[in-house]
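These notes are about the structure you will find just below.
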Amino acid sequence: MVNRFSHVARKHGLLQLCKDSLTRIYTLTNIEISDAFLKLCEQAKVQFKHSDDFGSGFEAISQTNLMYFGASQKAEFHTIKAVFLARLNLHKEALQVFNQAVSTDLQYPKAWAQWGAYQDKLFKNSPKNLQLAAGAVNCYLQASGMYKNGKSRKLLIRIFWLIGLDDANGTIGRAFDNYK
Numbered sequence: 001m002v003n004r005f006s007h008v009a010r011k012h013g014l015l016q017l018c019k020d021s022l023t024r025i026y027t028l029t030n031i032e033i034s035d036a037f038l039k040l041c042e043q044a045k046v047q048f049k050h051s052d053d054f055g056s057g058f059e060a061i062s063q064t065n066l067m068y069f070g071a072s073q074k075a076e077f078h079t080i081k082a083v084f085l086a087r088l089n090l091h092k093e094a095l096q097v098f099n100q101a102v103s104t105d106l107q108y109p110k111a112w113a114q115w116g117a118y119q120d121k122l123f124k125n126s127p128k129n130l131q132l133a134a135g136a137v138n139c140y141l142q143a144s145g146m147y148k149n150g151k152s153r154k155l156l157i158r159i160f161w162l163i164g165l166d167d168a169n170g171t172i173g174r175a176f177d178n179y180k
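Note that UniProt numbering has the sequence shown beginning at 1, numbered continuously upward.
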């Protein structure tokens, strides 16, 4: 109930209310693992909104004991951690943690989609590096193959756009050809 309230508050831009309600979770006598997971994810999403909170958000995620969580929840934590690293301009570390996220749960489409979006963003900053575009296409294909809803449409449109930027060697197209 508290997590849902916090989620709605964040969606409405009431970030301080969201933060305040999230701190009240620990006053409850019994907290289930799923509630703790949702609380940490919601807390991270609030901290994404403020660049001055990136460091503290990264620390909170990094210090979380993942022992009690399932594979998809661990993959989500690694994905959030990678996004924090990316926003802190720690690109090499972010790529490693994205890799860790998809390795933790190969069937978690959100990790693939976020990793693809990250490589896509790096490609926009370095348009001559077609390997980044090929990596983004690969990740987007993996994610779109796992999503069973409209979320894959946005990814497919981006895949087609990136393929349109391919060179004579077919660098980006090979990522499409190699998808299984």
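Note that CB positions come from ideal geometry on N, CA and C, so glycine has one too.
Check, Outcome
"Delimiting residues of the alpha helix (DSSP H) encompassing Met1", "Looking at the DSSP string, Met1 is not in any alpha helix (DSSP H), and its letter there is neither H nor E."
"Exposure label - Glu42; buried when at least 16 CB within 10 Å", "buried"
"Whole-angstrom distance between Asp20 and Ser103, CA atom to CA atom", "34 Å"
"Buried versus exposed, by CB contacts within 10 Å (16 or more), Pro109", "buried"
"Boundaries of the alpha helix (DSSP H) in which Leu85 is found, first to last residue", "71 to 87"
"Reduced DSSP secondary structure (H/G/I, E/B, other) of Ile31", "coil"
"His50 in three-state terms, based on DSSP", "coil"
"Per-residue DSSP class, three states only, for Gly116", "helix"
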